[in-house]
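Letter by letter, the sequence shown follows residues 268 to 383 in the numbering used here. Idealized CB from N, CA, C, for every residue including glycine. Computed from a prediction, not measured in an experiment: that's the story for all the values here. Notes for the one structure printed next.
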Amino acid sequence: MIRIRKRIAARTAARTPADAVGAEPGPGFEITFDGRPVHALPGRSIAAVLWADSVLSWRTTRVNGRPRGAFCGIGSCFDCLVAVNGVPNRRACLQPARPGDVVTTQEGDGHAGLRR
């Protein structure tokens, strides 16, 4: 038990905010947004990737089709919904971007093509 505590203390003691300043992200990758490639960095949410590409809106409302994007940025609201790899209603602010993800603008509740 004491050895484990010492190892944990040694690891956490080495981490400081000053160390984080010089951090370098891993190699970038691509996702697709509405059919076009978008550059992404590891660890970023889909919302962050879209913001970095100057995309501010990626959903339309059910009534009147008004554009929406990130509002709260912490997963409390549902303004940032997108379809990821064909699955609707993913919150872009919480969904990590992964290489090869296919992200599409969500229209309304995201189930229009699924209703019979």
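TODO: Kindly indicate which residue of G295, P366, A337 has the alpha-carbon position closest to the one of S321.
DONE: The option with the nearest alpha carbon to S321 is A337.
Open item on the list: Let's see if you can read the secondary structure: which residues bound the beta strand (DSSP E) around I341?
Closed with: Run containing I341: none; DSSP gives neither H nor E here.
Open item on the list: I need the boundaries of the beta strand (DSSP E) containing V305, first residue and last residue.
Closed with: Residues 303 to 307.
Task: Local conformation of L323 per DSSP, three classes - done: Residue state for L323 is assigned as coil, using DSSP reduced to three classes.
- [ ] Determine contact between the stretch 349 to 356 and the stretch 327 to 334, defined as no fewer than three beta-carbon pairs at a distance below 8 Å.
- [x] Taking a cut-off of 8 Å on C-beta distances, the stretch 349 to 356 does not touch the stretch 327 to 334, as fewer than three cross pairs fall below it.
Task: Top-ranked residue by Cα proximity to V349, from A319, C339, C360, A307 - done: Answer by Cα proximity: C360.
Task: Nearest neighbour of F296, chosen from P284, P309, V288, G302 [CA to CA] - done: Looking at the Cα atoms, P309 is the closest of the given residues.
Open item on the list: Just to confirm the assignment, what range does the beta strand (DSSP E) spanning E374 have?
Closed with: Residues 369 to 374.
Open item on the list: Quick check on L348: does DSSP put it in helix, strand or coil?
Closed with: The three-state secondary structure of L348, taken from DSSP, is strand.
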